[in-house]
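So the sequence shown is numbered by the UniProt record's numbering: it starts at 1 and just counts up by one.
Think of the CB as a built atom: it goes at the ideal place given N, C-alpha and C, for glycine as much as any other residue.
Note that the structure is a prediction, hence the values are computed from the model and not measured.
Written below as structure tokens is the structure these notes are about.
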Amino acid sequence: MSTGFSNKYDKWNSVANELVSQTEEEDKADEEQAADFLGLKGKVPRSQAEADEKAKLEASRKLKEALDRQKEMEEKKKLVIEDVVGSNEGETMLLNDAKLQGRRVIVLRKCSKLEVHLTAPSKQSDSIIKVFLEECENLNLKVEAPIVTSMVEITHCKKVEIKVCKYRLSTLQIDMSKDLLVEYTDLNCFGLPSSDVHNGDRIYHAGVSDMVLKVPVFCARTKKASVLERKIDYIADGAIRVAEQSAQEYQFVTYVDRSSETIALVTERLHRVGTREFTDSELEKKRLEGNERDVELYMQDDERKIKECETHKAEGNEEFKNGNYTQAVLMYSMAIEKSSCLDKSRPFQSRHICFANRSACFLKIGHHEKALADAESCIQLDQTYIKGFFRKGLALHAMEKYQEALPVLVQSLKFEPKNKQIKQAIKFCEIKLEMEMRKRMNGN
């Protein structure tokens, strides 16, 4: 092929490609114009994937519209009483048909110095669904009406009294509140006997202090009625900081326990695993049953306990650093005690360190026998941990058992030959031992 013909061919090919591109663009423009004219632009999917995506978006839009309508309806059914301050004597607010006007959710927010009386509506269709108390102070609430959800939520309140009469109120959720009195006045209101130990009636609480709970019960065995009373305080009940969770977020549950001859109000730690809830005693029961389906459940419980042990250890270290040795003993003791219940396959790896650290605390406050016992416990758990031997040597030295202390201190030096503290302790022990030997010789 000649060069001239080749150049002409390339030019014709270029012109042909340009004409094809121009034709395709014109066809596309015609299609868009036709779609505009017919009102189909953006409505006809170009593939099955696009059709599926459009269907999902449409379903999502309809769901959002339904939820918005539901929310709007719920807001219309909600009665919000906010920033109402009564007289010093305690002004009474009656929540009856006239006040509620068909609204079925009640929110008392930032109210104080009030006596609020919730009465039963005249029509069942107007029954209260739920009651909320938020940031209220010096407020008394008397609940004398059935609540559909059988639930009242209380948050960030103080100096509040709740009196529940006539109707069952099976669930209270109380958070970050203090100085409360919750009193059930009738036997059928809470904790009735049934096939379940506590009938599912529970009071959930976190960060609650200085609260008194009163519940009347009837004992079928003694044929007598009595009023159970329990003080609820998150610190006294054992709340602690766990990892990123503060002590105030530590979840508890209180219920009427009928599992023994003596009926009692019991407070336990609450564990939420997925959608299920368990108390400490329920988890322990499942552990003893050894049900394979619940292995994951008590594995998570062990993990939680290990985190708590780590928290106690860290708190003990902080107290020791600040010179609060007695408080440090308490923290290390809590870590040691909790770690004793762990499965052997999932131990608390720093248990021996807690014994060694508690031994150091006992040395500081002059409890030398206890210091020795803890040091020996540490060595039993880990025979390579130098501080266990060192604490044992120091404890024996403090007990003036120099002959026993010296070989233990020498053994600890083998782990760290350059440790100046150990060398100094050995030197003192040798001096004391020599003085003791001379004293015996002179005495003889």
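Mapping DSSP to helix, strand and coil, what is residue i?
{"i": "V105", "result": "strand"}
{"i": "I174", "result": "strand"}
{"i": "H367", "result": "coil"}
{"i": "Y167", "result": "coil"}
{"i": "H352", "result": "helix"}
{"i": "N324", "result": "coil"}
{"i": "Q245", "result": "strand"}
{"i": "M441", "result": "helix"}
{"i": "I426", "result": "helix"}
{"i": "A225", "result": "strand"}
{"i": "R346", "result": "coil"}
{"i": "T311", "result": "helix"}
{"i": "H198", "result": "Residue confidence is low: H198 scores 44 on pLDDT, short of 50, so the model does not pin down where it sits. No coordinate-derived value is stated."}
{"i": "F190", "result": "coil"}
If we call anything under 8 Å between Cβ atoms a contact, is residue i one with residue j?
{"i": "C189", "j": "R202", "result": "no"}
{"i": "D175", "j": "A206", "result": "yes"}
{"i": "E157", "j": "L133", "result": "Reading off the sequence shown, one finds Cys at residue 157, where the question assumed Glu. Going by C-beta atoms, C157 is nearer than 8 Å to L133."}
{"i": "C378", "j": "L409", "result": "no"}
{"i": "A356", "j": "A335", "result": "no"}
{"i": "P216", "j": "Y184", "result": "yes"}
{"i": "K159", "j": "D186", "result": "no"}
{"i": "E310", "j": "K338", "result": "no"}
{"i": "E369", "j": "Y402", "result": "no"}
{"i": "V208", "j": "E229", "result": "no"}
Could you work out which residue in the options is closest to residue i when comparing CA atoms only?
{"i": "K313", "options": "G323, N322, V329, R304", "result": "V329"}
{"i": "G86", "options": "S112, F320, I106", "result": "S112"}
{"i": "G272", "options": "I263, E58, E282", "result": "Looking at the sequence provided, one finds Arg at residue 272 rather than Gly. Nearest of I263, E58, E282 to R272, Cα basis: E282."}
{"i": "D343", "options": "I306, K370, R358", "result": "I306"}
{"i": "K78", "options": "Q101, S60, E58, A66", "result": "Q101"}
{"i": "K110", "options": "R103, D83, I162", "result": "D83"}
{"i": "R346", "options": "L396, N324, G388, E303", "result": "E303"}
{"i": "K123", "options": "E137, K130, R103, L108", "result": "R103"}
{"i": "A371", "options": "Q380, D382, S359, K364", "result": "S359"}
{"i": "V107", "options": "S60, E261, E434, V152", "result": "V152"}
{"i": "E135", "options": "H368, H352, K178, D126", "result": "K178"}
{"i": "N324", "options": "E229, D382, C361", "result": "C361"}
{"i": "K130", "options": "D97, T171, E137, M93", "result": "T171"}
{"i": "L406", "options": "F389, T149, I154", "result": "F389"}
{"i": "R391", "options": "Q380, H367, T155, L363", "result": "L363"}
Using the rule of at least 16 other Cβ atoms within 10 Å of the residue's Cβ for burial, across every protein chain shown, is residue i buried or exposed?
{"i": "D196", "result": "Its pLDDT being 47, under 50, D196 is placed unreliably by the model, and nothing is read from it."}
{"i": "T254", "result": "buried"}
{"i": "A239", "result": "buried"}
{"i": "I263", "result": "buried"}
{"i": "I365", "result": "exposed"}
{"i": "L95", "result": "buried"}
{"i": "G191", "result": "buried"}
{"i": "C354", "result": "buried"}
{"i": "I162", "result": "buried"}
{"i": "M331", "result": "buried"}
{"i": "V148", "result": "exposed"}
{"i": "G393", "result": "buried"}
Hey, is residue i's beta-carbon within less than 8 Å of any beta-carbon in chain B?
{"i": "E416", "result": "In summary, chain B is missing from the structure at hand, where a single protein chain is found."}
### Message
When you compare the stretch 106-117 with the stretch 127-145, are there three or more beta-carbon pairs, one atom per stretch, that lie closer than 8 Å?
### Response
Counting C-beta pairs with one atom in each stretch, the stretch 106-117 and the stretch 127-145 have three or more that are closer than 8 Å, which means they touch.
### Query
Counting Cβ pairs, one atom from each stretch, are 3 or more of them under 8 Å apart for the stretch 247-254 and the stretch 216-229?
Because the criterion of three Cβ pairs below 8 Å is not met, the stretch 247-254 and the stretch 216-229 do not touch.
#### Entry: Touch test, the stretch 316-334 against the stretch 266-282, Cβ-Cβ under 8 Å, three pairs minimum
Judged by Cβ distances under 8 Å, the stretch 316-334 makes no contact with the stretch 266-282, as fewer than three pairs qualify.
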